[in-house]
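Number 230 in our numbering belongs to position 73 of the sequence shown; there are no gaps in the numbering. Each remark here refers to the structure printed beneath this line.
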Amino acid sequence: MKHTNFPLIAPSVLAADFANLQDEIEMVNLSDADWFHLDVMDGVFVPNISFGMPVIKSISQHAKKPLDVHLMIVDPDRYIQTFADLGTANLTVHYEACTHLHRSIQAIKNANMTAGVAIYPHTAANLLEPIIEDADLICVMTVNPGFGGQKFIENSYRKIEQLREMIVKSGSSAKIQIDGGVTNQNVKQLLAAGADILVAGNFVFSAANPKEVIAKLKRGK
Ligand code: DX5
Ligand code: ZN
Numbered sequence: 158m159k160h161t162n163f164p165l166i167a168p169s170v171l172a173a174d175f176a177n178l179q180d181e182i183e184m185v186n187l188s189d190a191d192w193f194h195l196d197v198m199d200g201v202f203v204p205n206i207s208f209g210m211p212v213i214k215s216i217s218q219h220a221k222k223p224l225d226v227h228l229m230i231v232d233p234d235r236y237i238q239t240f241a242d243l244g245t246a247n248l249t250v251h252y253e254a255c256t257h258l259h260r261s262i263q264a265i266k267n268a269n270m271t272a273g274v275a276i277y278p279h280t281a282a283n284l285l286e287p288i289i290e291d292a293d294l295i296c297v298m299t300v301n302p303g304f305g306g307q308k309f310i311e312n313s314y315r316k317i318e319q320l321r322e323m324i325v326k327s328g329s330s331a332k333i334q335i336d337g338g339v340t341n342q343n344v345k346q347l348l349a350a351g352a353d354i355l356v357a358g359n360f361v362f363s364a365a366n367p368k369e370v371i372a373k374l375k376r377g378k
């Protein structure tokens, strides 16, 4: 089955100017972007610390589009209800961080959010087979998580194709999200491989005209 829909675009706020956060949020509000992608890092699960609840609370007061929170923290079950209370629409946890992944997914859904599962570049797609019908979103990390502005890992396409096959075969409604190093150089190939949602940090926020960059990505360009 050919996958032809235009993607959802989720600008990653990690690459925004934090000293002008409200302006950056308004830019996304006025753009063709679909979601806000918010990277939460704890300095343990990944070698960086980003931002946490107080910042997300401020963002949620201005954001007019759904919040997509990507947890890069150990033992994410501790904070599922907290992120629900902050107005999160989609909460993504890492396969590698969850001892009881199926339970974590159910807990996220029970808290009235959609549930995403992210995988490291070294984690094989077929490990997700047992939960492919439970997850609402699979986040394929196309850089090693922890930092924005890294180079896209080229051998990610095969994994995206494998996931697309797995989703079609199982009848799952899970969406495939791509996170890391997304630019106009790889957008077409990502969509051809089966991507549904593109996260883009530096490519959007470092651009002279971020709204135009978002509009183009949205059209697969
Ligand atoms: C990396 C984060 C990404 C990151 C993407 O750990 O999960 O969301 O912000 O940034 P770019 O698009 O700059 O690679
Ligand atoms: Zn992310």
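Glycine included, each C-beta is placed from N, C-alpha and C at the ideal position. What you are looking at is a predicted structure, and each value in this text was computed from that prediction instead of being measured.
- Message: Can you check which of these residues, 237, 346, 378, 339, is closest to residue 360 by C-alpha distance?
- Response: 339
- Query: Do residue 163 and residue 321 have their C-beta atoms within less than 8 Å of each other?
  - Reply: no
- Task: Please check the pair residue 169 and residue 358, which I expect to be a contact at CB under 8 Å, by giving their CB distance rounded to whole angstroms.
- Result: 3 Å
- Message: For residue 194, count the other beta carbons within 10 Å of its own beta carbon; 16 or more makes it buried, fewer makes it exposed. Which is it?
- Response: buried
- Message: Tell me which residues pass a beta-carbon proximity test against the ligand ZN: closer than 6 Å to any heavy atom, given in chain order.
- Response: Going along the chain, the residues that qualify are 169, 194, 196, 227, 336, 356.
- Query: With distances taken between CB atoms, is the gap from residue 310 to residue 278 smaller than 8 Å?
  - Reply: yes
- Message: Any contact between the stretch 360 to 370 and the stretch 324 to 337? By contact I mean 3 or more CB pairs, one from each, below 8 Å.
- Response: no
- Near the ligand DX5: residue 100 beta-carbon under 7 Å from a heavy atom: Lying outside 158 to 378, the shown extent of the chain, residue 100 is not represented and no answer is given.
- Residue ranges of each beta strand (DSSP E) within the stretch 300 to 350, 3 or longer: 332 to 336
- Query: residue 251: buried (16+ other C-beta within 10 angstroms of its C-beta) or exposed?
  - Reply: Residue 251 is buried by the Cβ-count criterion.
- Buried or exposed (CB count within 10 angstroms, at least 16 for buried), residue 284: Answer is exposed; the Cβ neighbour count stays below 16.
- Would you mind listing the beta strand (DSSP E) stretches within the stretch 250 to 304 that are 3+ residues and don't spill past its ends, in chain order? 271 to 276, 294 to 298
- Task: Measure the CB-CB distance between residue 373 and residue 343 and report whether it falls below 8 Å.
- Result: no
- Item | Own chain partners of residue 159 with C-beta closer than 8 Å, once the 5 adjacent residues on each side are dropped | Reliability fails at residue 159, whose pLDDT of 49 lies under 50, so the model's placement of it is uncertain and the value that follows must be treated cautiously. Around residue 159: no qualifying Cβ.
- Item | Proximal residues to residue 356 (C-beta, below 6 Å), its chain only, five neighbours per side dropped | 167, 169, 194, 336
- Item | Same chain only: Cβ atoms within 7 Å of residue 316, ignoring 5 sequence neighbours per side | Closer than 7 Å at Cβ, skipping near neighbours: 282, 297.
- In whole angstroms, what is the alpha-carbon distance linking residue 262 and residue 291? 7 Å
- Message: Can you tell me whether residue 383 sits near the ligand DX5, meaning its C-beta is under 7 Å from at least one heavy atom of the ligand?
- Response: Outside the displayed range of the chain (158 to 378) lies residue 383, so it cannot be described from this structure.
- Task: Express the C-alpha separation of residue 345 and residue 267 in angstroms, rounding to a whole number.
- Result: The straight-line gap separating the alpha-carbon atoms of residue 267 and residue 345 is approximately 36 Å.
- Beta-carbon gap between residue 249 and residue 228 smaller than 8 Å: yes
- Message: I need the straight-line Cα distance from residue 348 to residue 304, nearest angstrom please.
- Response: 23 Å
- Supposed contact pair residue 221 and residue 243 - C-beta distance, whole angstroms, cut 8 Å: Not a contact, Cβ separation roughly 16 Å.
- Tell me whether residue 299 is buried or exposed, calling it buried when 16 or more other Cβ atoms sit within 10 Å of its Cβ. buried
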